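Inspection log for the structure reproduced underneath, given as structure tokens.
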Amino acid sequence: MARVSLGGWLLRLGGYALLVLGGVLTIAPFYFMFVFATHQRSEIFGFPPPIWFGEHFLTNYQILIEKIPFWRAYWNNFYLALMTTITSLFFCSLAGFGFAMYQFRWREQLFAVVMATLLIPAILNLIPFYLLIYQIGWINTPKALWVPAMASALGIFMMRQYIISAIPKELVDAARIDGCSEFQIYWRVVLPLIRPALGTLGLITFIGSWNRFADVNVIMRTQETKTIPVVLRTLQGATDVEWGAIMAGTALMVAPLLLVFALAARQLMEGLTSGAVKN
Amino acid sequence: MRKSVGTSTSGQGSPPLAMRWSSFQRRYAPYIFVSPFFILFLVFGLYPTLFSLYMSFQAWTPSDGWGRWKYVGLENYTFTLTDPMFWRSLWNTIWLGVFSGVPQHLIAIPLAFVIHMVLSRFKTFVTAVYFLPYITSSVAIALIFNTLFATNNGVINLAIAHLNTWPLLGALLPDQNINWFTSANIKYALALVVIWQFTGWNTLLYLSAIQAIPKDLYEAASVDGATRLQQFRYITLPLLRPMMFFAVSLTIIGNMQLFEQPFVLLNGGASAATPGGQTATMYMYRTAFEWLEMGTAASIAWLLFVFIGILTYLNNLIFGRAARGGD
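Structure, rendered in structure tokens:
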């Protein structure tokens, strides 16, 4: 019955063409990052610039680990992201559970405060945050970065939304009758049931803290405590910039995120938008 | 409903210990569960913010030593408000906000519509490709684009040179290599990077809103003979307004704080040569950590805070009423 018109076909064809063109433009910088990581500096800025992989990745890698403590920085990134993720999964789901499952005085007002903090522009707090860390003597210590990030407003919001939609109140009451304490209800009943939401929040938190720069840059002053974005940036300041090595380092920094994203893209994208749509 | 638990003793004095403990718990547990966020917020969010308000009326530099501030009244504010560099950086930020923000939405809305209309099986894959830049570190992105923007033999300049040989397009494009790192050009380079990085995020937001639009609306419209374009104009666009409000709010807040991309692309802010690329937050950063004028930097932060508040309020006036269904 449904006859497709010529105009419909043209629109569809134009649509495909547009999507492919946009996709190529989106992927291209990543592609060149990996290609440049395998070329020396003279080749990257030669004519024509390389468009296929070369054989100098190991040379670039050598330069990279000579000039900066690359794997130390990599570990710092990993440690920071891991601590932030584990602690915020715990505190955000606990608070989300509190807001979703209990009636208590000031609940709406407290939740409004949580949401309002999302509107405070983070980078404007950089200077006072630095001064506070300076004052309490946490400069050059990783806890200065992960302790303040242990419970995020976005995480609490996501957890609350998911718990409201996924956990029936009767289940919680049944657990109470069976003699569970309130914390046991959270830990043994609710937590196992909200795994998908925990997965999404975990991904978002891990990616977000893996990529942190501005605050890490001012808090971590010694080479041993810096993370990859910060040390890679210092390479850029040299007089002879080793762009091949920088691209190799950038590729190694981005690669794990690309891998994780390839495995969990659907869950991540759905999780990111579900809260936005429901409201 | 739960009274069966303790019926044996009900009506004979105080309820059993287990039950009192349970109601005590139920009453106070939620406060304990939500408290970590508020403790962290008070210590690492609210206190520093209020402290920066206090700092903005003081003169202090780290070499003075902790606690040796000097009250200077409104001096930091009058200095900032009469500082041409502040206004220049604010203007750059607004320019960049408009020229990187508006195209993001102008591309993302039709893109989301096309993805929704044309694709079925590969929808997630295609959206994921467009979304990729959003999850990538801004520093990594700026470093990559730093090589792509090279004046001689940079990939972007070579692509423009190649497009120049095309019949119609060539007339629109400059026929010489562009030096992207001059004061006049750097903001175009920055705008391109920001558009590239955040269009996919907005596409995802709009796509999720488009998918929530009931199918029968489109079916009814096509029965009435509406073309795809008319459907887009009269169904999709009006119903997207709440999402537009949300997405534009995020863009405003994000764009007014642009820091990492200009900071890295300008190699920490070579501002003498390229004042055109200095954003307001970058200026704040340099005032604090290069020139070590903490009080002045705090005043910049507070002025920006007020400014972002005004913009968000204006956005609320334009989109917000319709978003809340008051149109």
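Chains as they are written, first to last, in the numbering used here: chain A, 1 to 279; chain B, 1 to 327. Yeah, the Cβ is synthetic: ideal placement off N, Cα and C, and Gly gets one too. The model shown is predicted, which means the values in this text are computed figures rather than measured ones.
Check: Between B:I135, B:I109, B:L250, B:R88, which lies nearest to G276 (chain B) when the distance is taken from Cα to Cα?; Outcome: B:R88
Check: Along the chain, which unbroken stretches of the alpha helix (DSSP H) at least 4 residues long are found entirely within the segment 4-81 of chain A?; Outcome: 6-36, 41-44, 57-67
Check: Taking only beta carbons into account, state which residues of the segment 203-231 of chain B come closer than 7 Å to chain A, listed in chain order.; Outcome: L204, L205, S208, A209, A212, R228
Check: Report the option in A:T250, A:K143, A:I86 whose CA atom is closest to the CA atom of V231 (chain A).; Outcome: A:T250
Check: Who does K328 (chain B) pair with in a DSSP beta bridge?; Outcome: As displayed, chain B neither begins before 1 nor continues past 327, which places residue 328 (chain B) out of reach and without an answer.
Check: Could you check if M159 (chain A) is buried or exposed, using at least 16 other CB atoms within 10 Å of its CB as the buried criterion?; Outcome: buried
Check: Alpha carbon to alpha carbon, what distance is there between N177 (chain B) and A329 (chain B)?; Outcome: Lying before the first or after the last residue shown, residue 329 (chain B) is absent from chain B, which here runs from 1 to 327.
Check: Is there a Cβ from chain B that is less than 7 Å from the Cβ of M61 (chain A)?; Outcome: Per the sequence shown, residue 61 (chain A) should be read as Tyr rather than Met. Taking Cβ atoms only, chain B never reaches closer than 7 Å to Y61 (chain A), which makes this a no.
Check: I'd like the list of long-range same chain contacts for L191 (chain A), defined as Cβ closer than 7 Å, with 5 residues on each side in sequence excluded.; Outcome: S93
Check: Quick one: list the residues of chain C neighbouring S52 (chain B), beta-carbon separation under 7 Å, in chain order.; Outcome: Here the protein chains are A and B, and chain C is not one of them.
Check: Is the CB-CB distance between F213 (chain A) and T85 (chain A) below 7 Å?; Outcome: no
Check: For the alpha helix (DSSP H) containing T216 (chain B), name the first residue and the last one.; Outcome: First, the amino acid is wrong: residue 216 (chain B) is Asp here, not Thr. Segment 215-223, the alpha helix (DSSP H) holding D216 (chain B).
Check: If you count every other CB in all the chains shown that lies within 10 Å of the CB of I177 (chain A), and 16 or more means buried, which is it?; Outcome: exposed
Check: Report the three-state DSSP secondary structure of P142 (chain A) (helix, strand or coil).; Outcome: coil
Check: CB-CB under 6 Å to W60 (chain B), same chain, minus the five flanking residues each way: which ones, in chain order?; Outcome: W69, M294, G295
Check: Taking 7 Å as the threshold (beta carbon to beta carbon), is N164 (chain B) in contact with chain A?; Outcome: no
Check: Just the Cα atoms here: how many angstroms apart are W52 (chain A) and R221 (chain A)?; Outcome: 38 Å
Check: Along the chain, where does the alpha helix (DSSP H) containing G237 (chain A) start, and where does it finish?; Outcome: First-last for G237 (chain A): undefined, no H or E at that position.
Check: How big is the Cα-Cα spacing for Y74 (chain A) and R241 (chain B)?; Outcome: 43 Å
Check: Give a yes or no on whether the minimum CB-CB distance between M1 (chain A) and chain B is below 7 Å.; Outcome: Low confidence applies to M1 (chain A): its pLDDT is 40, below 50, so where it sits in the model is not reliable, and the reading given next is rough at best. With 7 Å as the cut-off, M1 (chain A) does not count as an interface residue toward chain B.
Check: Kindly give me the distance between the Cβ atoms of L268 (chain A) and F261 (chain A), rounded to whole angstroms, as I take these residues to be in contact under 8 Å.; Outcome: 7 Å
Check: CB L311 (chain B) to CB I235 (chain B), shorter than 7 Å?; Outcome: no
Check: Distance cutoff 7 Å, beta carbons only. Does G155 (chain A) sit that close to anything in chain B?; Outcome: no
Check: Pick helix, strand or coil for E270 (chain A), following the three-state DSSP scheme.; Outcome: helix
Check: Any Cβ of chain B within less than 7 Å of the Cβ of V254 (chain A)?; Outcome: yes
Check: Is the distance from the Cβ of Y93 (chain B) to the Cβ of T287 (chain B) below 7 Å?; Outcome: Reading off the sequence, residue 93 (chain B) comes out as Thr, not Tyr. Not in contact: T93 (chain B) and T287 (chain B) (Cβ atoms no closer than 7 Å).
Check: Please report the residue range of the alpha helix (DSSP H) in which M294 (chain B) lies.; Outcome: 294-315
Check: Would you call E290 (chain B) buried or exposed, if buried means 16 or more other Cβ atoms sit within 10 Å of its Cβ?; Outcome: exposed
Check: Spell out whether any CB of chain B is found under 7 Å from the CB atom of L193 (chain A).; Outcome: no
Check: Name the chain A residues that come within less than 8 Å of Q257 (chain B), Cβ to Cβ?; Outcome: P121, A122, I123, L124
Check: Would DSSP call E180 (chain A) helix, strand or coil?; Outcome: The amino acid occupying residue 180 (chain A) in the given sequence is Cys; Glu does not appear at that position. Coil.
Check: Count the other CB atoms within 10 Å of the CB of R27 (chain B); is the residue buried (16 or more) or exposed (fewer)?; Outcome: exposed
Check: Rounded to the nearest angstrom, what separates I308 (chain B) and S42 (chain A) at their Cα positions?; Outcome: 44 Å
Check: With 8 Å as the C-beta to C-beta threshold (strictly closer), list the residues of the segment 141-166 of chain B near chain A in chain order.; Outcome: I141, L143, I144, F145, N146, T147, L148, A150, N152, N153, G154, V155, L158
Check: Identify, in the order they occur along the chain, each residue of the same chain with its Cβ nearer than 7 Å to the Cβ of R12 (chain A), setting aside the five sequence neighbours on each side.; Outcome: none
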